[in-house]
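What follows is a short report on a single structure.
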Amino acid sequence: MKNFVILGGGYGGLTIAKELLNKYIPDDVQVILVDRMPFQGLKTEYYALAAGTVSDFDLRVHFPDEQRLIRKYGEATSLDLENKIVHFQDGEPLLYDQLVIALGCTDRFHNTPGAEEYSCTIQSFNHTRQTYLRLNEIKPYGDVHIVGGGLSGVEITAELRESRPDLNITIMDRGERVLSAFPQRLSAYVHAWFKEHQVHVLNHAAVSRVEPNAIYNHDEQIVTDAVVWTAGIQPVKMVQDLAVPKDPQGRIVLNEYYQIPDHPEVYVVGDCASLPYSPSAQAAEVQGEQIAHIVRDLWKGQTPHPHPLKLRGTLGALGKKAGFGYGFMGSTSLRGRVPRLLKSGVLWKSKRHFG
Ligand SMILES: Cc1cc2nc3c(=O)[nH]c(=O)nc-3n(C[C@H](O)[C@H](O)[C@H](O)COP(=O)(O)OP(=O)(O)OC[C@H]3O[C@@H](n4cnc5c(N)ncnc54)[C@H](O)[C@@H]3O)c2cc1C
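Counting with UniProt numbering, you get residues 1 to 355 for the letters of the sequence shown.
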């Protein structure tokens, strides 16, 4: 039997597994899905887990229980591309004939002293659980500083505000407005929401150090009870360690079939792949579908014809009742309850699709 190994069961990896299981898999191929967790964590909702407004259980999607799919749970530690081996913290290495790298991303701390050691983060399920504990154990009227005013920073700030109205919450961003990648109108809307809900916005921030109970802005010390870091991402350590061509964000450069050019037996999906888009669950899923088509065509001896990836817009939550959206047909920006309902709909759909 040949091993088709999918390393990582998140948005990208699980989409590929589902698409392959739905259609053709040759008799001499076994599909092996590997993850450190025995379920998919719905990462797009980690901000709510951290804030304490949804439970851990609500964000789990079980992997398909199918005869044609072998599930293997364990912490992968390194990849040997020359010998086609995945190594694990515990247990036997796994040999592959074809591999999909679908491991997602981790935080980027920009060499800020103390940031990695003393910040809370929301890039993995495990870290998010620890962040939940830290934030929810802060005494009444304590101080929290969120570093980074992108989508996940804005979402966790708003959700925490609704979860803990007593806390003093500050969002720190290095630009002149939060959500700088979005239109000005949306930044202004989010800014107004923060003002109305007593969130302090600190623009032009430059975080130079983090300590156990302090954050330094332009080298000035601010005492705090917790720092949440949402100021940048990069592919996981295992991908950082691979000696293959990467783009400036550290994502692996791929050929037209989303394979590593010198290792056509290795596909890369989602946050680890160099795509003409920012990393997102949506991009990982759309690309995952394409990879499944490509793999199937090649299994059948046919020439694949991949289409350019088409993405819909982006939606963000401001607590449970408001939200914002950008990039949808016929509308440059959406604000208020409608985009929030749309976001809940997307979550419901992805639970149904994957679960
Ligand atoms: C708070 C937040 C909000 C977001 N909101 C949105 C949104 O609204 N819309 C959107 O499109 N995107 C959003 N994103 C981004 C989106 O979650 C990611 O881009 C998406 O999860 C990437 O999919 P992926 O398949 O590449 O990786 P992931 O979904 O992260 O999957 C990676 C998998 O690999 C596993 N894994 C990692 N390392 C190992 C290892 N060493 N051994 C074994 N298993 C391992 C993990 O357990 C995980 O299951 C958000 C992200 C965050 C943090």
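We put the beta carbon where it would ideally sit given N, CA and C, even for glycine.
Please read these numbers as outputs of a predicted model, since none were measured by experiment.
Identify which residue in the options has its Cα closest to the Cα of residue i.
i: residue 231; options: 323, 351, 86 and 110; result: 110
i: residue 217; options: 206, 227 and 139; result: 206
i: residue 140; options: 195, 164 and 107; result: 164
i: residue 192; options: 154, 175 and 214; result: 154
i: residue 43; options: 126, 120, 313 and 73; result: 126
i: residue 203; options: 176, 214 and 195; result: 176
i: residue 46; options: 35, 59, 40 and 36; result: 59
i: residue 284; options: 56, 55 and 267; result: 267
i: residue 1; options: 22, 31 and 345; result: 31
i: residue 24; options: 13, 299, 75 and 310; result: 299
Does at least one heavy atom of ligand 1 sit under 7 Å from the Cβ of residue i?
i: residue 51; result: no
i: residue 251; result: no
i: residue 112; result: no
i: residue 157; result: no
i: residue 75; result: yes
i: residue 240; result: no
i: residue 36; result: yes
i: residue 314; result: yes
i: residue 269; result: yes
i: residue 44; result: yes
i: residue 24; result: no
i: residue 93; result: no
i: residue 236; result: yes
Would you report the Cα separation of residue i and residue j, rounded to the nearest angstrom?
i: residue 262; j: residue 247; result: 16 Å
i: residue 322; j: residue 122; result: 21 Å
i: residue 234; j: residue 305; result: 29 Å
i: residue 28; j: residue 3; result: 9 Å
i: residue 93; j: residue 240; result: 20 Å
i: residue 294; j: residue 258; result: 9 Å
i: residue 210; j: residue 296; result: 49 Å
i: residue 197; j: residue 292; result: 45 Å
i: residue 62; j: residue 278; result: 27 Å
i: residue 101; j: residue 7; result: 5 Å
i: residue 57; j: residue 39; result: 10 Å
i: residue 314; j: residue 157; result: 18 Å
i: residue 224; j: residue 52; result: 20 Å
For the pair the segment 321 to 329 and the segment 284 to 301, tell me if three or more CB-CB distances fall below 8 Å. no
Could you pull out every unbroken beta strand (DSSP E) segment of at least 3 residues lying fully inside the segment 297 to 336, listed in chain order? 314 to 318, 322 to 328 and 331 to 336
Beta strand (DSSP E) segments (min. 3 residues) lying fully within the segment 131 to 164: 143 to 147
Do the segment 10 to 30 and the segment 128 to 138 touch if we need at least three Cβ pairs shorter than 8 Å? no
For the segment 37 to 81, which segments carrying the alpha helix (DSSP H) assignment without a break, of at least 4 residues, lie completely within its bounds, in sequence order? Listed in chain order, the complete alpha helix (DSSP H) runs (minimum 4 residues) inside the segment 37 to 81 are 46 to 51.
For the structure I just gave you, are there three or more beta carbon pairs, one from the segment 169 to 188 and one from the segment 67 to 86, closer than 8 Å? The way I'd put it, the segment 169 to 188 doesn't touch the segment 67 to 86; fewer than three beta-carbon pairs between them come closer than 8 Å.
Give, in chain order, every unbroken run of the beta strand (DSSP E) that is at least 3 residues long and sits entirely within the segment 204 to 245. 207 to 211, 214 to 217, 220 to 223, 226 to 229 and 233 to 235
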